[in-house]
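Undergrad: Chains as they are written, first to last, in this note's numbering: chain A, 46 to 434; chain B, 2 to 373. Note that CB positions come from ideal geometry on N, CA and C, so glycine has one too.
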Amino acid sequence: MYLKNDPQKNFLPTQYRRDAELVVRHTYLAEQFADYAEIFAQIALVIEKGDFTLGEVVDFLEEELCEFLGVENVVSVGSGTDAIYLSLRALGIGYGDQVIVPSFTFYATAGAIIKAGATPVFCDVGLDGNIRVEDVQKALAVCSSCKAIVPVHWTGRPVDVKGITEFAADHRLSVVYDACHALGATIDGASVASYGNTAAFSFHPLKNLNVWGDGGFIATNDFDISQRLRLLRNHGLVGRDVCVEFGVNSRLDTIQAVVARHMLRKLPSINEARIKNSHFLDSKLSLIDNISIPERHSNITEVFHLYSFRAERRKDLIKELINKGIDAKVHYPVPLHQQPAGKGFVLDDIDLINSEKLAATSISLPVHEFVTPEQLEEMLGIIKNFYAE
Amino acid sequence: MLSESTSIKVPFVDLSRGFKRDRVSVFEYFETLGLNSNFILGDIVSDFETRIADYLNANYCISVNSGSDALWLSLKALDIGPGDEVITVGNSFIATVWAIAAVGATPVIVDVGLDMNISPDAISDAVTTRTKAIVSVHLAGNPAELTLINKLANEFNLLHVEDCAQAIGAEYSGVKIGSESFVAAFSLHPLKNLGVWGDGGFVVTSERKLYDKLKLLRNHGLIDRDNVSSWGFNSRLDAFQAAVAIVRLDLLDKLNDRRISIADYYRNSLENYIDFQQISDSSKCVFHNCIARSTHRNEIIEFARLRGIELKIHYPIPVHRHNINSEPRVKCGRSLAMTEMFSQTIFSMPIFPELTDSEVNAVETVIRGFFK
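Written out as structure tokens, the structure reads:
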């Protein structure tokens with residue numbers, strides 16, 4: 046009865062096998078964890094103590110992240126999705142509340158809002174993929190009970206945090222930043238984590254700082270919120286036997302904290318490589334008329350979780366790149382308001398034209414630290430030839 | 002038999018012993034498969050699900066991020082929500098009642114029997130027009146009265162969800178718990194009989210429709226990489242943890258047998274002094290905990306502690322006694338006398354399978370010593 050080869054079972058193994066056939070991939074786990082023996086040794090040390098759940102290494106990691114980001118509190122959780130969801134809950138956002146969120150983002154941003162019991166209100170973004178104050182303003186105009194904004198630092202590019210902060214303060218809105226793409230990103234030298242009521246980060250295996258499964262964390266300078274988050278992530282338990290509020294089970298495994306600490310030491314060089322590769326592509330792609338890359342600003346550091354740009358004849362370009370072994374992807378081809386899941390939440394009066402345009406024209410290329418200069422040249426060559434034809 | 006003046010220290014649980022036994026196999030397994038695969042819902046995770054379905058002889062298995070999530074997502078998949086009442090017990094870990102509250106339904110806590118599991122009489126007594134489901138718990142690995150509960154579920158047209166977090170490998174009338182279940186939630190928490198190195202859990206179900214729904218719910222509602230049919234969540238078993246589970250699944254029957262023989266020893270040699278959780282002759286209890294009770298509970302724990310033996314209470318505060326300040330509020334059945342009685346008298350003895358015989362002897366000797 047159990048259908049081992051059921052094609053509907055789980056689409057990811059098939060997807061992984063397809064991706065693995067390409068030469069220049071978005072995923073690079075084997076290369077990245079070539080030093081896995083070191084990590085095994087560290088895991089062995091902590092596990093010998095039986096310290097599997099919220100062990101002391103989790104505390105060490107949280108302290109190191111505070112230092113790295115220059116924030117006062119970090120609370121690790123089970124995933125980036127949960128980091129957004131738990132932030133909303135800790136801020137008291139739930140049933141009956143509306144939350145403004147860009148339509149052009151990964152599904153989890155809205156899923157987290159739904160999980161908290163609130164209603165997402167989809168807003169548009171600029172053509173760089175980031176929410177603008179005007180987008181929030183337009184969405185707020187049609188809201189009746191808006192309590193919060195969840196801006197996304199899309200691709201690792203910081204949004205206009207100063208504008209958002211001011212607008213949110215004027216309209217008494219909470220701000221939870223979806224910073225899942227943006228670990229290491231800065232504005233005027235300050236981490237994106239220092240803005241908003243909280244900032245939510247992800248350790249998903251595809252992220253700049255990745256672990257061996259799901260994981261995430263919340264950064265906040267609000268001590269009370271951080272205390273509430275610590276309760277919520279562990280069943281609402283104060284000590285072993287007293288439960289003060291029904292929380293959830295959303296903990297970063299101690300062994301994943303070991304992997305995260307190992308990677309945190311490498312993060313500056315990982316981000317540097319991504320930035321260098323991206324700037325190189327920028328310099329060449331900006332010469333091609335059929336391609337639009339976002340304008341770069343010298344006061345912000347983008348960490349290029351994705352290197353994304355808009356391209357004419359996208360479908361054919363992707364086909365060409367994939368035929369030549371390059372893992373060109375679309376992040377993501379269907380905006381949230383056009384997903385079957387999003388249909389019930391679309392408000393008529395909001396224009397989402399940029400979201401639709403980005404979904405229809407964006408393309409992402411691998412820029413991680415294992416992409417070689419030759420491979421970058423190869424990608425550029427394919428793209429140039431494609432448009433020269 | 003050891004002398005009364007034993008000085009062996011016995012911890013309630015020592016996970017490091019199992020870890021030292023398993024680490025080489027786990028690392029090898031992960032090294033060969035994990036790093037070449039992927040860490041999220043890759044082949045290792047699918048392989049684990051197939052092995053569990055085979056082991057339990059269940060139709061479908063779907064892994065998730067924790068036992069709590071397994072229960073919560075099961076209730077979600079059954080569309081249980083605000084306005085619905087769900088009948089359950091108050092002597093389980095907090096997550097059982099939490100899962101009901103988390104979907105917005107009202108938990109209705111009813112009493113348990115001497116087996117420490119939900120009392121079928123108390124169920125019939127608590128059914129209202131709003132009752133949608135029963136969540137039974139196989140506490141400590143002791144199967145609940147499935148025949149009677151399923152009969153009631155049929156009679157009142159209720160869904161029956163089983164919390165099997167502590168019961169992997171347990172059998173009811175010769176059939177493994179979960180194998181014939183409509184929907185059953187299991188945990189892979191490190192302390193569990195099949196424990197991994199962090200959080201993990203899974204659901205087994207006889208229903209294809211539920212399986213399909215759970216598969217979407219655990220992974221953002223994604224049908225494929227680019228299409229979302231309904232809002233879901235992020236609740237996935239890490240590939241690394243799946244590797245640990247696969248290695249440990251091979252050992253499970255042996256480890257459960259060891260738990261059973263330790264429990265048998267305690268239960269036989271101490272039956273004149275203390276009472277134990279009642280276990281039916283037709284059931285196989287896998288003793289996630291070995292729960293005893295005595296009116297001298299607190300003195301026994303202190304007496305044992307002074308002699309290096311660690312006893313614990315699962316759990317000292319029943320769920321309806323917690324001061325939980327959130328909606329929906331917990332409702333209580335007519336009487337919770339047994340639940341209250343247990344919370345005041347029970348204690349759990351060390352039962353982890355890596356205990357040595359002399360440690361088991363030491364525990365038994367010290368507790369017997371209390372009554373001398």
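1. If we define contact as Cβ-Cβ less than 8 Å, is Gly467 (chain A) a contact residue for chain B?
2. Pick from A:Ser400, A:Asn55, A:Phe291, A:Cys111: whose alpha carbon is nearest that of His376 (chain A)?
3. Hey, which unbroken runs of the beta strand (DSSP E) at 3 residues or more fall wholly within the stretch 111-144 of chain B?
4. Beta-carbon separation of Met350 (chain B) and Ala293 (chain B) under 8 Å?
5. Would you mind sorting Gly255 (chain B) into buried or exposed? The rule is 16 or more other CB atoms within 10 Å of its CB.
6. What number of angstroms, rounded off, separates the C-alpha of Asp122 (chain B) from the C-alpha of Ala404 (chain A)?
7. Is the Cβ-Cβ distance between Ala141 (chain B) and Gly68 (chain B) less than 8 Å?
8. Got a sec: is the Cβ-Cβ distance from Arg113 (chain A) to anything in chain B below 8 Å?
9. To be precise: take each residue of the stretch 374-387 of chain A, compare its Cβ to all Cβ atoms of chain B, and keep it if any distance is under 9 Å. Which residues remain?
10. Below 7 Å between beta carbons is the criterion; list the residues of the stretch 95-111 of chain A that meet it against any residue of chain B, in chain order.
11. Taking the straight line between their C-alpha atoms, what separation do you get for Leu211 (chain B) and Ile224 (chain B)?
12. Would you kindly work out how many angstroms separate the C-alpha atoms of Lys313 (chain B) and Phe13 (chain B), rounded to a whole number?
13. If we ignore side chains and look at the alpha-carbon of each, how far apart do Asp286 (chain A) and Tyr152 (chain A) end up?
14. Please list the residues of the stretch 289-301 of chain A that have a C-beta atom closer than 9 Å to any C-beta atom in chain B, keeping them in chain order.
15. Of the residues B:Ala363, B:Thr129, B:Ser327, which one's Cα is nearest the Cα of Val109 (chain B)?
16. Strictly under 8 Å for the Cβ-Cβ distance: is His323 (chain B) near chain D by that measure?
17. Quick check for students: name the residue ranges of the beta strand (DSSP E) that lie wholly in the stretch 85-170 of chain A, counting only runs of 3 or more.
18. DSSP state of Asn228 (chain B), grouped into three classes?
19. Run the CB neighbour count on Pro250 (chain A), radius 10 Å, all protein chains shown included, and call it buried at 16 or more, exposed below.
20. What does Gly156 (chain A) reach in chain B if we use C-beta pairs closer than 9 Å?
21. Which residues of chain B have a Cβ atom closer than 8 Å to the Cβ of Glu93 (chain A), listed in chain order?
22. Which class does Asp327 (chain A) belong to by DSSP, given the choice of helix, strand or coil?
23. Return the CA-CA distance between Asn220 (chain B) and Asp127 (chain A), expressed in angstroms with no decimal places.
24. To the nearest angstrom, report how far apart Ile363 (chain A) and Glu66 (chain A) are at their CA atoms.
25. Along the chain, which unbroken stretches of the beta strand (DSSP E) at least 3 residues long are found entirely within the stretch 163-216 of chain B?
26. Can you name, in chain order, every residue of its own chain whose Cβ lies under 7 Å from the Cβ of Ile88 (chain A), other than the five neighbours on each side?
27. Do we get a CB-CB distance below 8 Å when we pair Tyr222 (chain A) with the residues of chain B?
28. What residue from A:His280, A:Pro58, A:Asn266 has the CA that sits closest to Ser117 (chain A)'s CA?
29. Is it true that the stretch 259-269 of chain B meets the stretch 342-357 of chain B, where meeting means three or more beta-carbon pairs spaced less than 8 Å apart?
30. Could you tell me the alpha carbon to alpha carbon distance between Cys147 (chain B) and Leu215 (chain B), rounded to whole angstroms?
31. When the cut-off is 8 Å and only beta carbons count, does Leu42 (chain B) lie next to chain A?
32. Tell me whether Gly261 (chain A) sits in a helix, a strand or coil according to DSSP, three-state version.
33. Could you list the residues in the stretch 271-286 of chain B with a C-beta less than 7 Å from some C-beta on chain A, going in chain order?
34. Taking DSSP as the reference, what is the three-state secondary structure of His321 (chain B)?
35. Could you tell me if Ile398 (chain A) is buried or exposed, where buried requires 16 or more neighbouring beta carbons within 10 angstroms of its beta carbon?
36. Roughly how many angstroms separate the alpha carbons of Ser47 (chain B) and Gly201 (chain B), rounded to a whole number?
TA: In terms of the structure at hand:
1. Nothing can be reported for residue 467 (chain A): it is not among the residues displayed for chain A, which extend from 46 to 434.
2. The alpha carbon of His376 (chain A) has as its nearest neighbour, out of A:Ser400, A:Asn55, A:Phe291, A:Cys111, the alpha carbon of A:Ser400.
3. 132-138
4. yes
5. Note on identity: in this sequence residue 255 (chain B) is Lys, with Gly being the wrong assignment. Burial call: exposed.
6. 58 Å
7. no
8. Correcting the residue type first, residue 113 (chain A) is Phe in the shown sequence and not Arg. No - not a single Cβ of chain B is within 8 Å of the one on Phe113 (chain A).
9. Lys374, Val375, Tyr377, Pro378, Val379, Leu381, Gln384, Pro385, Ala386, Gly387
10. Gly95, Phe97, Thr98
11. 15 Å
12. 7 Å
13. Rounded to the nearest angstrom, the two C-alpha atoms are 36 Å apart.
14. Val289, Glu290, Phe291, Gly292, Val293, Asn294, Ser295, Arg296, Leu297, Asp298, Thr299, Ile300, Gln301
15. B:Thr129
16. The chain labelled as chain D is not found among the protein chains of the depicted structure, namely A and B.
17. 118-122, 143-147, 164-168
18. strand
19. buried
20. His221, Gly222, Val229, Trp232, Gly233, Phe234, Asn235
21. Ser17, Phe20, Lys21
22. helix
23. 12 Å
24. 15 Å
25. 184-188, 202-206
26. Ile300, Val303
27. no
28. Reading the sequence as shown, one finds Glu at residue 117 (chain A) and not Ser. Of the listed residues, the one whose Cα sits closest to Glu117 (chain A) is A:Asn266.
29. yes
30. Note that residue 147 (chain B) is Leu in the sequence shown here, rather than Cys. Using only the alpha carbons, I get a separation of about 24 Å.
31. yes
32. strand
33. none
34. DSSP places His321 (chain B) in the helix class (H, G or I) of the three-state scheme.
35. Classification of Ile398 (chain A): exposed, given that the 10 Å Cβ count is below 16.
36. Approximately 14 Å, taken between the alpha carbons.
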